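Those protein sequences? They're chains L and A, same order as listed. Take the first sequence: its position 121, counted from the start at 1, is 155 in the numbering used here, and no numbers get skipped. Take the second sequence: its position 2, counted from the start at 1, is 206 in the numbering used here, and no numbers get skipped.
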Amino acid sequence: MSQPKNALLLIGSPRGDKSNSRVIGKFLIDKLEQKGLVSEEAFAIRSVYTREGTEKLLKSVDNADIVVLATPLYVDSFPSPMIRALELIHEHRKAAAPTKQQMLVAIMNSGFPEKQHMDIAFKIIRNFAQASNFKWGGEIRVGWGMALNSEPLNEKKSMTRKLTKGLSLAAANLSTGQPISKEAEESVSVLFLPLFVAKTMSGLFGNREWDTQAKKNYAKDKMRDRPYENNQ
Amino acid sequence: MKVVIFNGAKDGDFTLETIEKSIVDQLVKAGWEVEPIELRSTQIAPCLGCFGCWVKTPGTCVINDAGRETTRKAIQSDLMVWLTPITFGGYSSELKKALDRIIPILLPYFKVYHGQIHHQMRYERYPNLLVIGVQEPDTDYEETFVALAERNMLNFRPPAHVVSVFRRDKDPKTIPAFVGEQLKRVEVKS
């Protein structure tokens with residue numbers, strides 16, 4: 035693939051600017067910009083439900099040399115607006131074949147610490163890429179993404195050091211038209227603490243965190259309510 | 205006995221329409237109360253990822269639209285059916301918009317299940333689950349689709365479940381027998 039000039043960050047999270055998927059994708063895109071690429075940003079949820087939004091999204095996809103999908107994992111796959119975006123992009127490219135080689139990169143962020151939760155969702159994105167004539171540009175999988183707290187990634191913080199290192203490496207690969215290297219993929223997918231610790235912490239502190247949030251909403255004593263209990 | 209059918213077909217999908225009709229016919233004949241939901245014409249807003257259904261109004265989505273009703277119908281049924289065109293190995297956006305909104309049937313709390321972290325169950329009783337995907341003849345996404353649906357079962361943990369694929373190039377006349385077989389497998393007794 036020749037030297038890419040344009041990149042599109044397509045965000046699958048419905049949480050907009052507060053999304054951890056966007057935080058990760060934005061870091062990669064900023065690094066690509068530092069290497070001279072021009073970028074655009076689009077949110078699936080703001081694009082796929084109107085004709086204007088869809089047309090703008092498809093135009094941005096056509097224009098991009100690198101399309102970066104950044105999405106959370108919802109029910110073992112992606113949020114429905116992201117699937118809608120994939121359906122629309124596929125239909126568009128089936129109707130009019132792309133005029134240049136384009137690369138697709140996928141970033142996925144899961145609330146669970148184990149990266150295996152994302153295996154099937156990545157398979158689906160790879161299937162989409164192949165069916166829609168994109169060159170596969172590699173994957174970035176981030177477990178326990180909610181720990182990022184929607185804050186911009188900081189290269190100096192120990193918690194995000196491996197992630198930012200991997201993303202920087204990925205940007206270096208992509209900016210020369212190469213897919214993300216295994217070294218970069220492996221660096222980003224390393225949790226910032228051992229898996230068994232993360233699993234234990236999910237059970238202890240994660241569950242406590244849900245209660246804390248519920249308490250703020252005066253809902254702690256309702257956490258186990260069954261509003262749709264079977265009435266048979 | 206109640207069955208709710210989430211039909212994630214696009215407009216004009218004759219195969220899924222026929223599969224749904226066959227499920228309805230066979231279950232009505234068996235004395236079931238059947239409720240098919242055509243998702244493409246049902247106004248269900250996308251899940252906002254706000255976790256409000258877990259920490260603000262536990263068990264109920266904060267969005268007051270048809271998504272609440274589909275969730276209620278799902279948990280109060282004896283059998284839930286998901287119908288979808290296989291979309292790159294996954295579900296259609298129409299089916300997924302309903303599935304994203306049923307997460308309040310789970311608790312937010314984590315628990316290790318089958319060696320991995322999953323969410324805990326909110327209810328004592330869950331419906332059986334039948335998932336049918338229709339595959340285009342020029343694609344080969346069956347393995348991914350089955351793996352996705354089986355993975356969902358680790359989250360929703362139905363008492364019994366069946367995941368099946370019907371190829372669109374098969375003779376539509378075989379649909380009633382195909383449906384009958386799947387209903388039998390998911391322990392529906394006629």
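Backbone N, C-alpha and C define an ideal beta-carbon position, used for all residues, glycine too. Owing to the predicted nature of the structure, the values given are computational and were not obtained by experimental measurement.
Looking only at its own chain, which residues have a Cβ that is under 6 Å from the Cβ of residue i, when we skip the five neighbours before and after it?
i       : result
E237(A) : K206
G46(L)  : A78, T105, F112, P113 and M116
G337(A) : T288, I290, F349 and V369
A76(L)  : L44, L91 and S94
If we ignore side chains and look at the alpha-carbon of each, how far apart do residue i and residue j end up?
i       : j       : result
L231(A) : C265(A) : 30 Å
I100(L) : L71(L)  : 10 Å
D215(A) : R244(A) : 8 Å
V350(A) : D51(L)  : 34 Å
A181(L) : R56(L)  : 14 Å
I214(L) : L208(L) : 6 Å
L299(A) : Q37(L)  : 39 Å
N183(L) : K90(L)  : 30 Å
P289(A) : N143(L) : 26 Å
Q247(A) : R85(L)  : 18 Å
G171(L) : A140(L) : 8 Å
K249(L) : E243(L) : 10 Å
T348(A) : G235(A) : 35 Å
Y252(L) : G263(A) : 14 Å
M257(L) : G240(L) : 14 Å
P48(L)  : L92(L)  : 19 Å
Q136(L) : A98(L)  : 7 Å
A41(L)  : L120(L) : 17 Å
K254(L) : T246(L) : 8 Å
G212(A) : M325(A) : 25 Å
So, at 7 Å on beta carbons, what are the nonlocal neighbours of residue i in its own chain, with the 5 sequence-adjacent residues on each side left out?
i       : result
V383(A) : I223, S226, I227 and Q230
P363(A) : Y330 and N332
L203(L) : S215, E217, A218 and S221
V367(A) : V335, V350, A353 and E354
D373(A) : P341
S281(A) : K206, V207, V208 and P331
Where does residue i land, buried or exposed, given buried means 16+ other C-beta within 10 angstroms?
i       : result
L358(A) : exposed
P341(A) : exposed
Y83(L)  : exposed
N161(L) : buried
Q197(A) : Because chain A in this structure spans residues 205 to 394, residue 197(A) falls outside the shown range and cannot be described.
H151(L) : buried
Q266(L) : Below a pLDDT of 50, predicted positions are generally treated as unreliable, and Q266(L), at 47, falls in that range; the measurement from the model is reported next regardless. By the neighbour-count rule (16 or more Cβ atoms within 10 Å), Q266(L) is not buried but exposed.
T274(A) : buried
E125(L) : exposed
R305(A) : buried
D344(A) : exposed
E185(L) : exposed
H388(A) : According to the sequence as given, residue 388(A) is Lys; it is not His. When all chains shown are included, K388(A) counts as exposed.
A302(A) : buried
V231(L) : exposed
Which residues in the same chain as residue i place their Cβ atom closer than 8 Å to its Cβ, once the five residues preceding and following it in sequence are excluded?
i       : result
T198(L) : F61, L187, N188 and E189
H322(A) : F314, K315, V316, L358 and N359
L201(L) : I58, F61, L62, K65, I174, L187, A218 and V222
V259(A) : P312
A165(L) : H124
G87(L)  : R80 and S81
Along the chain, where does the beta strand (DSSP E) that runs through residue i open and close?
i       : result
A140(L) : M137 to S144
K315(A) : L310 to Y317
F239(L) : Neither: F239(L) is in no beta strand (DSSP E) and is coded neither H nor E.
T288(A) : L283 to P289
Would you give the residue range spanned by the alpha helix (DSSP H) that residue i belongs to?
i       : result
A78(L)  : A78 to S81
P380(A) : I379 to R389
A16(L)  : Because chain L spans 35 through 266 in this model, residue 16(L) falls outside it and cannot be assessed.
S245(A) : Per DSSP, S245(A) belongs to no alpha helix (DSSP H) and is neither H nor E.
A351(A) : E346 to F360
I158(L) : D153 to A165
Q230(A) : F218 to K233
T274(A) : A270 to I279
T88(L)  : R85 to N97
S297(A) : S297 to D304
E220(L) : K216 to S223
E148(L) : E148(L) -> no alpha helix (DSSP H), and no H or E assigned at all.
Based on the DSSP output, what are the partners of residue i in its beta bridges?
i       : result
E239(A) : V208(A)
M325(A) : L310(A)
E74(L)  : L42(L)
T261(A) : Beta-bridge pairing links T261(A) to no other residue.
E173(L) : A140(L)
Y108(L) : S111(L)
F370(A) : V338(A)
Q320(A) : Y317(A)
H365(A) : L333(A)
K100(L) : Before going further, note that residue 100(L) is Ile rather than Lys in the sequence given. I100(L) is bridged to A41(L) and M137(L).
G294(A) : T291(A)
Return yes when at least one heavy atom of the ligand NAD lies under 7 Å from the C-beta of residue i, else no.
i       : result
A119(L) : The ligand NAD is not among the ligands present in this structure, which contains no ligands whatsoever.
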